[in-house]
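Taken in order, these protein sequences are the chains called L and E. If you count the first sequence from 1, position 198 lands on 198 in the working numbering, and the numbers rise without skipping. Whatever position you read off the second sequence (first residue = 1), add 1000 for the working numbering.
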Amino acid sequence: MLIALDSLPWPWGEDLLAFLFMAAAFVRPRRLRRAVTWASAQRADRPWRLAAAVCAFRGRWVARWRLLGLHSPEQLRRSLVVEGEEHLTGVEGGAILLEFHLGPPGVELPLKLLRHQVRHVGWHDRSAAAGWWSDAWRPIMVSDELSDAARDPRKWPAVLYKARQTLLDGGKICIMADSEEGHEVLRVPLPGGPMVIRAGWLTLHRLTGAPVLPVFTHLRGRRQILTIHPPLPTRESDPARRLEVWRDIITSLVVDYVGRFPEQCPMPALVYHYD
Amino acid sequence: MTDRDALLEALRAIVARVAGPTRAPAGDMSAETPLTEGGWWLDSVELLEVIVACETEFGITFEPARDLLDDALRTLGTLAAVIQTKNPELSRA
Chain L
1 MLIALDSLPW PWGEDLLAFL FMAAAFVRPR RLRRAVTWAS AQRADRPWRL
51 AAAVCAFRGR WVARWRLLGL HSPEQLRRSL VVEGEEHLTG VEGGAILLEF
101 HLGPPGVELP LKLLRHQVRH VGWHDRSAAA GWWSDAWRPI MVSDELSDAA
151 RDPRKWPAVL YKARQTLLDG GKICIMADSE EGHEVLRVPL PGGPMVIRAG
201 WLTLHRLTGA PVLPVFTHLR GRRQILTIHP PLPTRESDPA RRLEVWRDII
251 TSLVVDYVGR FPEQCPMPAL VYHYD
Chain E
1001 MTDRDALLEA LRAIVARVAG PTRAPAGDMS AETPLTEGGW WLDSVELLEV
1051 IVACETEFGI TFEPARDLLD DALRTLGTLA AVIQTKNPEL SRA
C-alpha cells in the first residue's frame, strides 16, 4: 500500500495515509479508547475530534518517516522553516540537540537538508529500508554508526561512546530525551500521563561539557517548522541544582508544545507505556 | 594478589561507584558477576560511565567497534579481559 501511496503526488499519499490511520482507529477499539482517554485528559472541547486528529497524525508521521510522495530532497527542503537557527550556528564545537517524541519524525533529516552537519544518535531503520529510498534520497538516508543501535541493548554503550567521541571532536548530535534507553532522570507531568526523560543526553553532557539545545518540530499546514531553543543554562555548577533548573525549562517547553499542538502528539497519546 | 585480581578489584570499585550503594549484587561477587541483568543491573548509559572511568583509571582508549561489542560488557571478567588487551602492563597474571 505504501508503494501505491508513494506514487501519488505529494501530499496526496500523506493525506490518504492520515485518513486511513484515523479510519483504522474506529475498527481498533483499544486504540481509539486510549486516544479518547488521552484527548479527554487534555481538556479538549471535543475529545473525540482530538482523538481522531491524533490518530490521523500518526498516519502522517508514518508518511513523513517514509517520505511518501517526496521524491527528492529538494521537495522536502522547500517546506522546512527553522526558527532559532542562530542558537545552533552560534555554538562552536560540540552540541547536543535534544529531541522529543513529539510532532513529525526527527529533526536530523530536516537539519541535514538545510546543510547542518548533525548526526542522529540511537536507532532508525533506514538501513533496513535501504531499498525503499530513491537514488536522490539514498546518500542522505544512509545510516551511520551512531544510529545503528537497533533494538539491541548491547549496542547502546558503543553507540553512546561514539557519540561522546563525536562531541569531543566538535560534532553535533541529535538525541531523544524520552528515549527507551537509560534510567529516568526526570519526569514531565502531562495531562494523560508523564513524559519520562532518560539519562543518555545528560550523561553525554556531563562527560563532554557540550551545550544542550532543546529542539521541537511541528507541522503548520504543509510546512515543517523546527524550533531550536537557546542552550540550557550552565550557570549552576552543582549537577543536581543544574538538573532542577533544566527540569523546569524542559517541563515548560514540553507542556507548552503539547498544549499548542495536542493533535501532533501521537507518541504520548498512543504509544507511551504509562505505569 | 595477582595483577588480574587487582584489576578486578579496581574495576569492581568503578562499577560500584557508578551503580551506587543500593545496587550491589546479592551474594558473592566474582569475575562472573554480570554487569547488567542479574548482577549490577547497569543500563547502557551507566555502562558508558564505566567505560569512560576505565579509560581514565587505566590509561587506555577503547575502540568501540572492536572493544565494546558482543560479550565485552557482559561481566566484570569480560571487561577486565578487554582492558588487559588494551594495556599490556595489566596483562601479567
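Backbone N, C-alpha and C define an ideal beta-carbon position, used for all residues, glycine too.
Reference residue i; option with closest CA among the options
i: L/Leu167; options: L/Arg187, L/Phe19, L/Leu146 and L/Arg154; result: L/Leu146
i: L/Ile228; options: L/Pro110, L/Gly192, L/Val258 and L/Gln264; result: L/Pro110
i: L/Gly221; options: L/Leu32, L/Val81 and L/Ser179; result: L/Val81
i: L/Lys172; options: L/Glu99, L/Glu263, L/Glu181 and L/Ser79; result: L/Glu99
i: L/Gly192; options: L/Asp152, L/Ser40 and L/Arg33; result: L/Ser40
i: L/Asp178; options: L/Trp201, L/Pro139, L/Ala158 and L/Ala136; result: L/Trp201
i: E/Ala1013; options: E/Asn1087, E/Ala1053, E/Trp1041 and E/Gly1027; result: E/Ala1053
i: L/Arg223; options: L/His120, L/Gln75 and L/Leu5; result: L/Gln75
i: E/Gly1039; options: E/Ile1083, E/Asp1003 and E/Leu1073; result: E/Leu1073
i: L/Glu180; options: L/Ala136, L/Ser79, L/Val258 and L/Val121; result: L/Val121
C-beta atoms of residue i and residue j nearer than 9 Å
i: L/Gly69; j: L/Trp12; result: yes
i: L/Leu67; j: L/Trp123; result: no
i: L/Pro104; j: L/Arg64; result: yes
i: L/Gly93; j: L/Ala210; result: yes
i: L/Leu213; j: L/His87; result: yes
i: L/Trp10; j: L/His71; result: yes
i: L/Asp232; j: L/Ile225; result: One detail in the question is off: residue 232 of chain L reads as Leu in this sequence, not Asp. Cβ atoms of L/Leu232 and L/Ile225: not closer than 9 Å.
i: E/Thr1036; j: E/Asp1043; result: yes
i: L/Val196; j: L/Arg187; result: yes
i: L/Pro263; j: L/Phe57; result: Residue 263 of chain L is actually Glu in this sequence, not Pro. A contact, by the Cβ cut-off of 9 Å.
i: L/Val255; j: L/Cys174; result: no
i: L/Leu270; j: L/Ala35; result: yes
i: L/Leu160; j: L/Leu204; result: yes
i: L/Leu113; j: L/Arg154; result: no
i: L/Thr217; j: L/Val107; result: yes
i: E/Ser1030; j: E/Leu1076; result: yes
i: L/Leu17; j: L/Val91; result: no
i: L/Met267; j: L/Leu102; result: yes
i: L/Ala51; j: L/Ala24; result: no
i: L/Trp137; j: L/Pro73; result: yes
i: E/Phe1058; j: E/Asn1087; result: yes
i: E/Leu1011; j: E/Leu1079; result: yes
Run of the alpha helix (DSSP H) containing residue i, from where it starts to where it stops
i: L/Val91; result: From DSSP, L/Val91 is part of no alpha helix (DSSP H); its letter is neither H nor E.
i: E/Phe1058; result: Ser1044 to Phe1058
i: E/Leu1068; result: Here E/Leu1068 belongs to no alpha helix (DSSP H), and DSSP marks it neither H nor E.
Min CB distance residue i to chain L below 9 Å
i: E/Ala1065; result: yes
i: E/Ala1093; result: Residue placement at E/Ala1093 is flagged as unreliable, the pLDDT there being 46, under the threshold of 50; the coordinate-derived value follows with that caveat. No, its Cβ sits nowhere closer than 9 Å to a Cβ of chain L.
i: E/Leu1073; result: yes
i: E/Val1015; result: no
i: E/Thr1036; result: yes
i: E/Phe1058; result: no
i: E/Glu1032; result: no
i: E/Gly1082; result: It is Val, not Gly, that sits at residue 1082 of chain E in the sequence shown. By this cut-off, E/Val1082 is not an interface position.
i: E/Leu1011; result: no
i: E/Leu1008; result: no
i: E/Glu1089; result: no
i: E/Asp1043; result: yes
i: E/Asp1005; result: no
i: E/Asp1028; result: no
Interface flag, residue i vs chain E, CB-CB below 9 Å
i: L/Leu160; result: yes
i: L/Trp156; result: yes
i: L/Phe192; result: Correcting the residue identity first, residue 192 of chain L is Gly in this sequence and not Phe. So, not an interface residue.
i: L/His273; result: no
i: L/Gly182; result: yes
i: L/Arg164; result: yes
i: L/Leu8; result: no
i: L/Thr203; result: yes
i: L/Gly170; result: no
i: L/Leu207; result: yes
i: L/Ala199; result: yes
i: L/Pro153; result: yes
i: L/Glu145; result: yes
First and last residue of the uninterrupted beta strand (DSSP E) at residue i
i: L/Lys172; result: Lys172 to Met176
i: L/Leu80; result: Leu80 to Glu83
i: L/Leu98; result: Ala95 to Glu99
i: L/Glu184; result: Glu184 to Val188
i: L/His71; result: No beta strand (DSSP E) holds L/His71; DSSP gives it neither H nor E.
i: L/Met195; result: Met195 to Arg198
i: L/Gln165; result: Per DSSP, L/Gln165 belongs to no beta strand (DSSP E); it is in the alpha helix (DSSP H), Trp156 to Leu168.
i: L/Val118; result: Val118 to His120
Beta carbon proximity, residue i to chain B, threshold 9 Å
i: E/Leu1076; result: The structure shown contains no chain B; its protein chains are L and E.
Distance cut-off 8 Å: residue i Cβ against heavy atoms of the ligand PLP
i: L/Leu2; result: Absence of the ligand PLP is noted for the structure shown, with no ligands found whatsoever.
Exercise. Are the segment 1048-1056 of chain E and the segment 1017-1024 of chain E in contact at 8 Å, needing three or more beta carbon pairs?
Worked result: yes
Exercise. Does the pairing of the segment 237-255 of chain L with the segment 1005-1012 of chain E give three or more beta-carbon distances under 8 Å?
Worked result: no
Exercise. Do the segment 245-263 of chain L and the segment 19-29 of chain L make contact, defined as three or more Cβ pairs closer than 8 Å?
Worked result: no
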